[in-house]
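In the working numbering, the protein residues as written are 515 to 770. Positions of the beta carbon are idealized from the N, C-alpha and C atoms, including for glycine. Small disclaimer: the values here were computed from a predicted structure and weren't measured. Quick notes on the structure that follows.
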Amino acid sequence: MAENRTPILRLDKICKSFGGVVTAKDVTFCVYPGEIKGLIGPNGAGKTTMMNMISGIYTADSGDVYFNEKKITDKPDYARARMGIGRTFQTPRFLQRSSVRDNLMIGADLGNKIGYLSGFFGRKSTNFYQELKEMMDILHFSFNWDDDINSLPFGQRKLLEIVRSLLSHPKVILVDEPAAGLNNKEIEYLMDILRMAAKKMNIGVLVIEHSMDMIMDLCETIAVLNFGELIADGTPAEISNNTAVIEAYLGREDDD
Ligand SMILES: Nc1ncnc2c1ncn2[C@@H]1O[C@H](COP(=O)(O)OP(=O)(O)OP(=O)(O)O)[C@@H](O)[C@H]1O
Ligand SMILES: [Mg+2]
Numbered sequence: 515m516a517e518n519r520t521p522i523l524r525l526d527k528i529c530k531s532f533g534g535v536v537t538a539k540d541v542t543f544c545v546y547p548g549e550i551k552g553l554i555g556p557n558g559a560g561k562t563t564m565m566n567m568i569s570g571i572y573t574a575d576s577g578d579v580y581f582n583e584k585k586i587t588d589k590p591d592y593a594r595a596r597m598g599i600g601r602t603f604q605t606p607r608f609l610q611r612s613s614v615r616d617n618l619m620i621g622a623d624l625g626n627k628i629g630y631l632s633g634f635f636g637r638k639s640t641n642f643y644q645e646l647k648e649m650m651d652i653l654h655f656s657f658n659w660d661d662d663i664n665s666l667p668f669g670q671r672k673l674l675e676i677v678r679s680l681l682s683h684p685k686v687i688l689v690d691e692p693a694a695g696l697n698n699k700e701i702e703y704l705m706d707i708l709r710m711a712a713k714k715m716n717i718g719v720l721v722i723e724h725s726m727d728m729i730m731d732l733c734e735t736i737a738v739l740n741f742g743e744l745i746a747d748g749t750p751a752e753i754s755n756n757t758a759v760i761e762a763y764l765g766r767e768d769d770d
């Protein structure tokens, strides 16, 4: 089914090493519009490095990255962000000593392709507040516009980083360990907003996560990395019965 559609993201034989450490070895997989795909693997398997090669922070040693079947391997990170590749980080990254308003406006401005300052002159997207309200209803918390972003609890900052990215109307979003540091309720709301992004906004969602319960519940397909090698790519049922995956994870569950 998925094979008949055009992937929004395609990795083709990606290789990357740091010195002697191989973090990607001929890695090939796709993300489709409206699909939630998991990227899992033990610590140090190369998951974050893979996201960095998709968003353009790192370049692959060899292999190509395609966005909507257009080769973007040599494009810089800001060009990829403008094309519609959004991302969040293992630790949320915001403007320092800045309000929630400023941080969220940055996201919306990226999507509107209007200058940041234009927000102050009333040229914000007319849908901005409506979209934001819908997202905050899903996340079940509120904030004051003028709050310093770093005064918010860690979990809320992590969720707001996803909101900021979604406000830019990405075509694909890369989410690195979004559940780490969140309480159970926040994890529930996190899954709701990622599902909304995929199903309502038709965004391709690539999510790295150590919580297998969450990955199995959330993802339609899952790619598994081990020492930079893609050892499996399939549905949750296929992944949980795959012997190579079971071996890679054996004895590691307690660590994660
Ligand atoms: N800039 C870098 N320079 C040198 N080595 C690096 C660099 N970035 C990552 N590595 C190494 O590449 C390997 C893969 O790291 P990566 O952060 O991609 O793992 P990961 O799968 O995201 O792990 P985790 O689950 O712990 O976040 C690790 O051995 C790491 O030390
Ligand atoms: Mg990582």
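| Item | Value |
| --- | --- |
| Smallest Cα separation from R607: which of M726, L673 and E700? | L673 |
| If I measure Cβ to Cβ from T537 and keep anything under 7 Å in the same chain, skipping five residues before and after, which residues do I get? | K530, S531, G560, T563 and G742 |
| Would you decide whether D690 is buried or exposed? Buried here means 16 or more other CB atoms lie within 10 Å of its CB. | buried |
| In the DSSP assignment, what are the bridge partners of E648? | In the DSSP output, where bridge partners are listed per residue, E648 has none listed. |
| Going by C-alpha distance, which of H654, D591, W659 and G555 is nearest S612? | W659 |
| Please identify the residue among V535, D575 and Y546 whose C-alpha is closest to the C-alpha of P521. | Y546 |
| Among A751, L618 and V721, whose alpha-carbon lies nearest the alpha-carbon of L681? | L618 |
| Three-state secondary structure (DSSP) at K685? | coil |
| Verify the contact flag: V721, CB atom, against every heavy atom of ligand 1, threshold strictly below 7 Å. | no |
| Give the range of the beta strand (DSSP E) segment to which D540 is assigned. | V535 to V545 |
| Taking 7 Å as the cut-off, is the beta-carbon of K561 closer than that to any non-hydrogen atom of ligand 2? | yes |
| Looking only at its own chain, which residues have a Cβ that is under 7 Å from the Cβ of S679, when we skip the five neighbours before and after it? | G600, R601, T602, G621 and I687 |
| Along the alpha helix (DSSP H) that carries A476, what are the first and last residues, could you check? | Nothing can be reported for residue 476: it is not among the residues displayed for the chain, which extend from 515 to 770. |
| If you run the structure through DSSP and keep just helix, strand and coil, what is E583? | coil |
| Tell me whether T602, by its Cβ, gets closer than 7 Å to a heavy atom of ligand 1. | no |
| Any contact of the segment 549–557 with the segment 729–744, i.e. 3+ C-beta pairs under 8 Å? | yes |
| Where does N566 sit, in a helix, a strand or coil, going by DSSP? | helix |
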